[in-house]
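See below for the structure under consideration.
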Amino acid sequence: MKLRVWGARGSVPAPGPHMNRYGGNTSCIELELPNGEMLILDAGTGIRTLGVDLNTSPRINILLTHLHLDHIQGLMFFAPCFRADSTITIWGPASPEASLEDRIARYISAPLSPVEVRELPCSVAFRDAPPTEWELGGATIRAEAVTHRGPTLGYRISDGETTIAYIPDHEPGLGTRLGELEPEWISGYDLAKDADLLIHDCQYADDEYDAHVGWGHSKLGDTLTFAHRVGARRLMLFHHDPLHSDEFLDGLAEEARARWEKLGGDPETVSMGAEGDEIAVRPGVQAVHA
Amino acid sequence: MDGRPTQKPLELILARNLLTSLSTPAFLVDDEATVVFYNEAAAAVLGRSFEESGAMTAEEWTAAFGPLDRDGEPVKVDRLATTEAIRAGRPAHATFTIRAANGTPRTVEASAFPIVASEEGSSGAMILFWPQPSNGGSA
Numbered sequence: 022m023k024l025r026v027w028g029a030r031g032s033v034p035a036p037g038p039h040m041n042r043y044g045g046n047t048s049c050i051e052l053e054l055p056n057g058e059m060l061i062l063d064a065g066t067g068i069r070t071l072g073v074d075l076n077t078s079p080r081i082n083i084l085l086t087h088l089h090l091d092h093i094q095g096l097m098f099f100a101p102c103f104r105a106d107s108t109i110t111i112w113g114p115a116s117p118e119a120s121l122e123d124r125i126a127r128y129i130s131a132p133l134s135p136v137e138v139r140e141l142p143c144s145v146a147f148r149d150a151p152p153t154e155w156e157l158g159g160a161t162i163r164a165e166a167v168t169h170r171g172p173t174l175g176y177r178i179s180d181g182e183t184t185i186a187y188i189p190d191h192e193p194g195l196g197t198r199l200g201e202l203e204p205e206w207i208s209g210y211d212l213a214k215d216a217d218l219l220i221h222d223c224q225y226a227d228d229e230y231d232a233h234v235g236w237g238h239s240k241l242g243d244t245l246t247f248a249h250r251v252g253a254r255r256l257m258l259f260h261h262d263p264l265h266s267d268e269f270l271d272g273l274a275e276e277a278r279a280r281w282e283k284l285g286g287d288p289e290t291v292s293m294g295a296e297g298d299e300i301a302v303r304p305g306v307q308a309v310h311a
Numbered sequence: 004m005d006g007r008p009t010q011k012p013l014e015l016i017l018a019r020n021l022l023t024s025l026s027t028p029a030f031l032v033d034d035e036a037t038v039v040f041y042n043e044a045a046a047a048v049l050g051r052s053f054e055e056s057g058a059m060t061a062e063e064w065t066a067a068f069g070p071l072d073r074d075g076e077p078v079k080v081d082r083l084a085t086t087e088a089i090r091a092g093r094p095a096h097a098t099f100t101i102r103a104a105n106g107t108p109r110t111v112e113a114s115a116f117p118i119v120a121s122e123e124g125s126s127g128a129m130i131l132f133w134p135q136p137s138n139g140g141s142a
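If you read the protein sequences in the order shown, they are chains R and F.
In the working numbering, each residue's number is its place in the first sequence (first place is 1) plus 21.
In the working numbering, each residue's number is its place in the second sequence (first place is 1) plus 3.
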């Protein structure tokens with residue numbers, strides 16, 4: 022599978038001269054499915070740029086992990102939403118409180134938005150992610166709830182040869198010791214097990230975490246431990262804190278590789294997600310940057 | 004993927020994390036009434052740690068710890084009003100006698116409530132013990 026990162030930032034867009042290399046746009050990843058269709062993971066502000074480049078009449082599936090603003094903010098600026106020839110299906114977590122459409126419409130509606138969902142010219146459908154696996158464009162998708170604030174999903178996408186796990190907002194170490202826990206008690210374990218590429222929350226450096234316990238995000242140490250426990254073959258650190266500059270993230274990446282090597286991993290299999298990254302994920306072996 | 008999740012539902016994972024942090028004796032059972040975790044405070048009441056006992060089916064639990072009837076005989080979990088309530092999706096509160104690992108009977112008040120995260124029903128229940136200080140049940 023091929024993927025492209027359109028936004029790797031967490032919480033809020035963070036543009037600026039010190040953020041240019043990793044980028045300031047919030048979570049959005051494009052995947053090319055086996056049948057050529059497009060699958061988009063989250064609709065943070067990165068999806069706006071993705072939409073600008075789309076010239077064909079698109080049939081698009083968007084998997085939302087949850088509805089925090091940094092994962093849906095780009096929807097209202099996604100060009101295909103304003104094209105009558107677009108067919109868009111948006112998948113997300115179910116809630117007993119309101120439908121997915123109604124919850125997203127709280128953002129795409131007055132006074133926060135100049136347009137309403139019903140005014141979008143595209144053909145758009147909203148679907149609760151089912152509790153069992155389902156097929157999209159030749160890929161098998163699986164969604165499961167993971168530890169974060171509010172109903173939040175992680176996704177496992179497999180084309181039969183390669184598997185990508187996408188868990189951008191995740192705090193599996195909350196209230197527990199990940200290194201000692203049995204696998205069945207680790208949030209997200211099944212989603213990420215043996216993934217060829219794990220894209221995972223790494224919002225905080227270890228020394229920043231104590232001030233953010235319970236905020237729903239991981240420190241580097243927990244991200245590495247989680248990746249190690251699930252046997253991820255490659256790890257992309259994701260959902261960067263808006264306060265983390267390029268220089269800071271360079272240092273965090275260097276630390277991550279050194280610690281991964283101490284865990285027995287190949288340091289070259291750990292990367293810091295950056296806007297513009299294009300990756301061809303290969304099965305069972307190290308992925309290669311395209 | 005084999006299609007069959009091996010990990011616990013998220014709500015049970017989070018409940019276990021909570022129980023670990025409590026000084027109130029507390030237990031976690033899954034949707035088959037298997038005791039899948041209890042905390043250190045509960046271990047103090049039972050006289051056996053969860054690490055020692057591991058997960059226990061309802062039958063194993065009853066044989067080891069009760070609850071006991073007036074004659075000191077184990078009562079099947081299925082016959083407890085508390086079990087009926089939990090299975091019906093309702094909370095329950097009851098007082099009964101259990102037997103610690105060393106054979107000492109202890110009277111406890113128990114509050115139980117189902118853990119429900121979807122329309123498909125509960126994925127288990129959380130049970131808190133309120134030991135009676137008069138019979139050495141304090142944790």
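Glycine included, every Cβ here is placed at the ideal spot set by N, Cα and C.
Remember, predicted model here, so these are calculated numbers, not experimental data.
Which residues in chain R have a C-beta closer than 9 Å to the C-beta of residue i? List them in chain order.
{"i": "residue 17 (chain F)", "result": "168, 195, 196 and 208"}
{"i": "residue 2 (chain F)", "result": "As shown, chain F starts at 4 and ends at 142. That puts residue 2 (chain F) outside it, with no answer to give."}
For residue i, would you say it is in contact with chain R, using Cβ-to-Cβ distances shorter than 9 Å as the test?
{"i": "residue 44 (chain F)", "result": "no"}
{"i": "residue 141 (chain F)", "result": "Low confidence applies to residue 141 (chain F): its pLDDT is 37, below 50, so where it sits in the model is not reliable, and the reading given next is rough at best. So, not an interface residue."}
{"i": "residue 121 (chain F)", "result": "yes"}
{"i": "residue 63 (chain F)", "result": "no"}
{"i": "residue 14 (chain F)", "result": "yes"}
Taking the alpha carbon of residue i as the reference point, which residue from the options has its own alpha carbon closest?
{"i": "residue 251 (chain R)", "options": "R:162, R:151 and R:186", "result": "R:186"}
{"i": "residue 48 (chain R)", "options": "R:261, R:203, R:110 and R:230", "result": "R:261"}
{"i": "residue 293 (chain R)", "options": "R:234, R:129 and R:220", "result": "R:220"}
{"i": "residue 12 (chain F)", "options": "R:46, R:208 and R:164", "result": "R:208"}
{"i": "residue 285 (chain R)", "options": "R:162, R:254, R:241 and R:273", "result": "R:254"}
{"i": "residue 73 (chain R)", "options": "R:202, R:161, R:103 and R:36", "result": "R:103"}
{"i": "residue 205 (chain R)", "options": "F:25, F:39 and F:26", "result": "F:39"}
{"i": "residue 70 (chain R)", "options": "R:90, R:53, R:89 and R:28", "result": "R:28"}
{"i": "residue 52 (chain F)", "options": "F:73, F:113 and F:105", "result": "F:105"}
{"i": "residue 92 (chain F)", "options": "F:67, F:119, F:73 and F:71", "result": "F:119"}
{"i": "residue 99 (chain F)", "options": "F:81, F:46, F:30 and F:69", "result": "F:69"}
{"i": "residue 89 (chain R)", "options": "R:180, R:63, R:230 and R:192", "result": "R:63"}
{"i": "residue 190 (chain R)", "options": "R:175, R:184, R:183 and R:179", "result": "R:175"}
{"i": "residue 87 (chain R)", "options": "R:98, R:148 and R:160", "result": "R:148"}
{"i": "residue 139 (chain R)", "options": "R:150, R:152 and R:125", "result": "R:125"}
{"i": "residue 78 (chain F)", "options": "F:90, F:65 and F:88", "result": "F:65"}
{"i": "residue 167 (chain R)", "options": "R:35, R:298, R:92 and R:237", "result": "R:237"}
{"i": "residue 57 (chain R)", "options": "R:288, R:157 and R:43", "result": "R:157"}
Can you find a C-beta in chain F that's less than 9 Å from the C-beta of residue i?
{"i": "residue 287 (chain R)", "result": "no"}
{"i": "residue 51 (chain R)", "result": "no"}
{"i": "residue 226 (chain R)", "result": "no"}
{"i": "residue 165 (chain R)", "result": "yes"}
{"i": "residue 189 (chain R)", "result": "no"}
{"i": "residue 142 (chain R)", "result": "no"}
{"i": "residue 101 (chain R)", "result": "no"}
{"i": "residue 150 (chain R)", "result": "no"}
{"i": "residue 117 (chain R)", "result": "yes"}
Would you report the Cα separation of residue i and residue j, rounded to the nearest angstrom?
{"i": "residue 14 (chain F)", "j": "residue 60 (chain F)", "result": "20 Å"}
{"i": "residue 307 (chain R)", "j": "residue 248 (chain R)", "result": "Its pLDDT being 47, under 50, residue 307 (chain R) is placed unreliably in this model, and the value from its coordinates should be taken loosely. Each residue's Cα considered, the two are about 15 Å apart."}
{"i": "residue 141 (chain F)", "j": "residue 22 (chain F)", "result": "Confidence is the limiting factor: at residue 141 (chain F) the pLDDT is only 37, short of 50, which leaves the residue's position unreliable, though a coordinate-based value still follows. Using only the alpha carbons, I get a separation of about 17 Å."}
{"i": "residue 270 (chain R)", "j": "residue 33 (chain F)", "result": "42 Å"}
{"i": "residue 80 (chain R)", "j": "residue 55 (chain R)", "result": "14 Å"}
{"i": "residue 129 (chain R)", "j": "residue 111 (chain R)", "result": "14 Å"}
{"i": "residue 279 (chain R)", "j": "residue 302 (chain R)", "result": "23 Å"}
{"i": "residue 246 (chain R)", "j": "residue 127 (chain F)", "result": "28 Å"}
{"i": "residue 94 (chain F)", "j": "residue 62 (chain F)", "result": "22 Å"}
{"i": "residue 133 (chain F)", "j": "residue 123 (chain R)", "result": "43 Å"}
{"i": "residue 85 (chain F)", "j": "residue 276 (chain R)", "result": "52 Å"}
{"i": "residue 145 (chain F)", "j": "residue 118 (chain R)", "result": "Residue coverage of chain F in this structure runs from 4 to 142, which leaves residue 145 (chain F) outside it and unanswerable."}
{"i": "residue 85 (chain R)", "j": "residue 130 (chain F)", "result": "35 Å"}
{"i": "residue 145 (chain R)", "j": "residue 105 (chain R)", "result": "10 Å"}
{"i": "residue 195 (chain R)", "j": "residue 37 (chain R)", "result": "32 Å"}
{"i": "residue 60 (chain R)", "j": "residue 87 (chain F)", "result": "46 Å"}
{"i": "residue 134 (chain R)", "j": "residue 98 (chain R)", "result": "11 Å"}
{"i": "residue 94 (chain R)", "j": "residue 232 (chain R)", "result": "26 Å"}
{"i": "residue 96 (chain F)", "j": "residue 48 (chain F)", "result": "18 Å"}
So with CB distances below 7 Å, who are the chain R contacts of residue i?
{"i": "residue 24 (chain F)", "result": "196"}
* Members of the segment 209-221 of chain R that neighbour chain F once the beta carbon cut-off is set at 7 Å -> 210 and 211
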